[in-house]
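Working notes, structure below.
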Amino acid sequence: MAVHVNKRLCKGCGLCMTVCPKNVYELSDEVNQKGFAVISAVRASDCIKCKRCEINCPDMALWIEDDETSSKEESAR
Amino acid sequence: MSVSTMPEKGNPLLKYMRQDKLPHFFCPGCGCGQVVSAFLRAVEALKLDLGTMVGIGGVGCTARIPVYLHMDCLHGVHGRTLAWATGIKLHKPDTKVVVFAGDGDAMSIGGNHFIHAARRNLDVTFIVVNNFNFAMTGGQVAPMTPGGAVTMTTPYGSSEPPFDLCAMAVTSGATYVARTLTSNPAQMTSYIKTALDHKGFSVVEILSQCPTHFGRYALGSGSPKNLVTWIKDHTVPLTAADKMKAEELEGKYRTGEFIKTERPVFMGSTVCSAPCAEKEGKA
Ligand SMILES: Cc1ncc(C[n+]2csc(CCOP(=O)(O)OP(=O)(O)O)c2C)c(N)n1
Ligand code: SF4
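Residue numbers (this note's numbering), protein chains in the order written: chain A, 501 to 577; chain B, 8 to 290.
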């Protein structure tokens, strides 16, 4: 599953939500140091590692780790 | 390659970025960030050493791309990117030079440099991010704004026809020309890869979303998703376009590779390719 969200880099544009076939992401209420409401991988366990989010993210905020099963969200601040 | 701060754990492309400059200044959902990733994936696939390459940007949102990359960078002279690139290539012909230009940088103030670089077949990769407007200055009409589009300076819709950059590049003599869009990252990476590997003037036009200005003015929506969809709906792959009528292609952008050929590259006042220089014992 290993969905890594770097909330320091995320700007909450939501493009990951539009490309994810498994609806893993949702916009959260959490705001980062730049004032952006960031996304959260609320259904990380549904991830099928297609990496469409990672490849489409304009901010390099996402990373799907191949050989890892836990998921991790960096702190927003 | 010099890497100052490695990420503890994160997107592997971050190792090519100047991380102390992140997050980059592009607006949420801007296509410029996707172009950066596609470029870096191409660099990775070709195993290029970014540290030996030169990235050039003029002025504009797109032009800021090389500022964030671990490569030598020139930034800040609007439209004169190819003049800089010419100087570098004449002094150090083996240096790989990549220019990141907005549509204004490339076709408005830099238009003349562009056609002559193509005519000379300057050995440079020219990546044009076409976001259909002058984005950094607030979304004014630009030479690649589609006809009829509302922008900051055309409240009743633009009455000018836009340039077709790829057609212009081909007729001016560029030896690799392709058009793609940000919502097709695999194609974007593949074309940039071919361009970086190409000897001669290689042009990749990327149709990209500027949700902040073009999206809000022309579509009445600042949502990156809506603009990405609009761009997708206005593109036709070359293979499909060949079978379509002229009316059907009205207002559509053809995507694909328009030309891939070889001819001598610009080496100075006398055009001389590597083989001819060798023959004369000058290589
Ligand atoms: C010589 C000069 N003329 C005008 C400007 C003002 N200016 C700054 S950015 C820009 C346009 C940028 O548009 P584009 O090249 O399409 O890049 P984008 O921001 O859309 O990526 C202009 C006209 C300038 N900086 N320098
Ligand atoms: S103004 Fe437009 S092109 Fe510039 S960073 Fe924002 S979305 Fe991108």
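Idealized CB from N, CA, C, for every residue including glycine.
Taking 9 Å as the CB threshold, lysine 259(B) stays off the interface with chain A.
Bridge partners of proline 244(B) according to DSSP: Thr262(B). If you look at cysteine 80(B), you'll find it in the beta strand (DSSP E) that goes 79 to 82. Proximity of chain A to glycine 36(B) at the Cβ level (cut-off 8 Å) is accounted for by Lys511, Cys513, Gly514, Leu515 and Pro558, in chain order. The residue among Ala561(A), Asp567(A) and Asp566(A) with its C-alpha nearest the C-alpha of glycine 17(B) is Ala561(A). Serine 209(B) is bridged by DSSP to Thr132(B) and Tyr183(B). Proline 218(B) is a Cβ neighbour of cysteine 34(B), given a cutoff of 9 Å. About 16 Å separates the beta carbons of leucine 245(B) and isoleucine 213(B), which is beyond the 8 Å limit, so they are not a contact pair. Excluding five sequence positions before and after tryptophan 563(A), the CB atoms of its chain that fall closer than 7 Å to its own CB belong to His504 and Glu554, given in chain order. At a cut-off of 9 Å between beta carbons, cysteine 39(B) contacts chain A. Per DSSP, the continuous beta strand (DSSP E) segment holding glutamate 530(A) begins and ends at 526 to 531.
Between threonine 132(B) and glutamine 147(B), the gap from beta carbon to beta carbon reaches 9 Å or more.
In the structure shown, isoleucine 539(A) falls within a strand segment according to DSSP collapsed to helix, strand and coil. The DSSP-derived three-state label of alanine 156(B) is coil. For the region 531 to 544 of chain A, residues whose beta-carbon sits nearer than 7 Å to a beta-carbon of chain B comprise Lys534 and Phe536. Sorting His31(B), Asp79(B), Tyr183(B) and Ser228(B) by C-alpha distance to the C-alpha of glutamate 269(B) places Tyr183(B) at the top.
Membership of alanine 202(B) in any beta strand (DSSP E) is not indicated; the residue belongs instead to the alpha helix (DSSP H) covering 192 to 204.
DSSP places alanine 108(B) inside the beta strand (DSSP E), whose first and last residues are 104 to 109. Under a 10 Å Cβ-count criterion, serine 165(B) is classified as buried, with 16 or more other Cβ atoms of the shown protein chains found around its own Cβ.
Listed along chain B, the residues sitting closer than 9 Å to isoleucine 555(A) by beta-carbon distance are Gln41, Ser44, Ala45, Arg48, Pro192, Ala193 and Thr196. Here the C-alpha atom of histidine 123(B) lies approximately 15 Å from the C-alpha atom of lysine 96(B). The three-state reading of DSSP puts glycine 118(B) in helix, counting H, G and I together. Within chain B, no residue has its CB atom less than 8 Å from the CB of asparagine 523(A), the nearest being about 14 Å off. Under the Cβ criterion of 9 Å, leucine 20(B) is counted among the residues facing chain A. The C-beta of phenylalanine 33(B) comes closer than 9 Å to at least one C-beta of chain A. Residues of chain A with a Cβ closer than 7 Å to the Cβ of glycine 17(B) are, in chain order, His504, Asn506 and Trp563.
Using a CB distance below 7 Å, no part of the region 54 to 73 of chain B faces chain A. The Cβ of serine 228(B) sits no closer than 9 Å to any Cβ of chain A.
Within 8 Å of the C-beta of valine 136(B) there is at least one heavy atom belonging to ligand 1. Per DSSP, the beta-bridge partners of isoleucine 564(A) are Val503(A). One Cα belongs to alanine 90(B), the other to alanine 108(B), and the distance between them is close to 13 Å. At least one CB of chain A lies nearer than 9 Å to the CB of valine 235(B).
Apart from the 5 residues on each side of it in sequence, glycine 222(B) sits with its Cβ closer than 6 Å to the Cβ of Ser228, Gly229 and Leu234 in its chain, given in chain order. Taking 9 Å as the cut-off, the beta carbon of methionine 151(B) is found closer than this to the beta carbon of methionine 114(B).
Taking the CA atoms as reference points, alanine 225(B) sits about 18 Å from phenylalanine 170(B). Comparing alpha carbon positions, the residue from Ile116(B), Phe121(B), Leu256(B) and Asp112(B) closest to asparagine 137(B) is Asp112(B).
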